[in-house]
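Protein chains in written order, with the numbering used here: chain A, 1 to 110; chain B, 111 to 229.
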């Protein structure tokens, strides 16, 4: 298994705050990076992807990628209770295979 | 977005029996599908890559004789858990990518998952 590391949490933030989720990966050949959200007992659902260095914004979500540091992060602005879930970082390598981190559990406190 | 359908969503079976799980891509062709398992409060673990028309590629530590994968068409892959034991109880999820859309930004679409309980 390729190594994809995430802090398992739990991470708790108050409603309206910024939640910051971090991920590091071991394979320098990794080409694209995805953030998924998973509610308990459900399949993961895509939040956003990034494959170029820098920031990518989509609504309240911003993904940040630094290939030199092998680091990708997800910022959630104006956190809502409905954002409470496990967030999975996924790395795509050759062959279209995805490798997932252990996930970070986020709780947004009303 | 693309749809991946997985069936059944839940199954309970007796030890020693076999269980087949189906994964279908409903509106795109998937030459490659992936099978994952997930234990409670753990992340997804890639079990194998299912290749249409050829043998599956298994990750290290996954028993190919126990987890049989068949990818007979561009829209269907099956995972059969043979001689199931209680320790095989887990959440199994398949995924596929619509590679026609492009490589870099092609997300993995997930099936709904199958909760397997072996008693």
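We put the CB at the ideal spot given by N, CA and C, even for glycine.
Values in this document were obtained by computation on a predicted structure and should not be read as measured data.
Residue i, buried or exposed, once every other Cβ within 10 Å from all chains shown has been counted against 16
i              : result
residue 146(B) : buried
residue 203(B) : buried
residue 39(A)  : exposed
residue 139(B) : exposed
residue 92(A)  : buried
residue 19(A)  : buried
Beta-carbon proximity list for residue i, same chain, < 6 Å, skipping 5 on both sides
i              : result
residue 135(B) : 114, 185, 206
residue 201(B) : 148, 223, 225
residue 17(A)  : 79
residue 8(A)   : 102
Residues of its chain near residue i, where Cβ-Cβ distance is below 7 Å and the 5 sequence neighbours each way are ignored
i             : result
residue 15(A) : 79, 80, 81, 108, 109, 110
Residue i versus residue j: straight-line alpha-carbon distance, rounded
i              : j              : result
residue 167(B) : residue 28(A)  : 22 Å
residue 157(B) : residue 42(A)  : 18 Å
residue 105(A) : residue 86(A)  : 4 Å
residue 190(B) : residue 197(B) : 15 Å
residue 24(A)  : residue 4(A)   : 6 Å
residue 67(A)  : residue 126(B) : 47 Å
residue 174(B) : residue 195(B) : 15 Å
residue 120(B) : residue 133(B) : 14 Å
residue 143(B) : residue 76(A)  : 30 Å
residue 180(B) : residue 12(A)  : 42 Å
Residues bridged to residue i (per DSSP)
i              : result
residue 56(A)  : 63(A)
residue 18(A)  : In the DSSP output, where bridge partners are listed per residue, residue 18(A) has none listed.
residue 160(B) : 143(B)
residue 119(B) : Answer is none; residue 119(B) lacks a bridge partner.
residue 71(A)  : 24(A), 66(A)
Neighbourhood of residue i by C-beta, 8 Å cutoff - its chain only, sequence neighbours within 5 removed
i              : result
residue 219(B) : 111, 112, 113, 114, 135, 205, 206, 207, 208
With a floor of 3 residues, list each beta strand (DSSP E) that falls wholly inside the region 168-201 of chain B, ordered by position along the chain.
-> List check, beta strand (DSSP E) in window: 177-183, 186-191.
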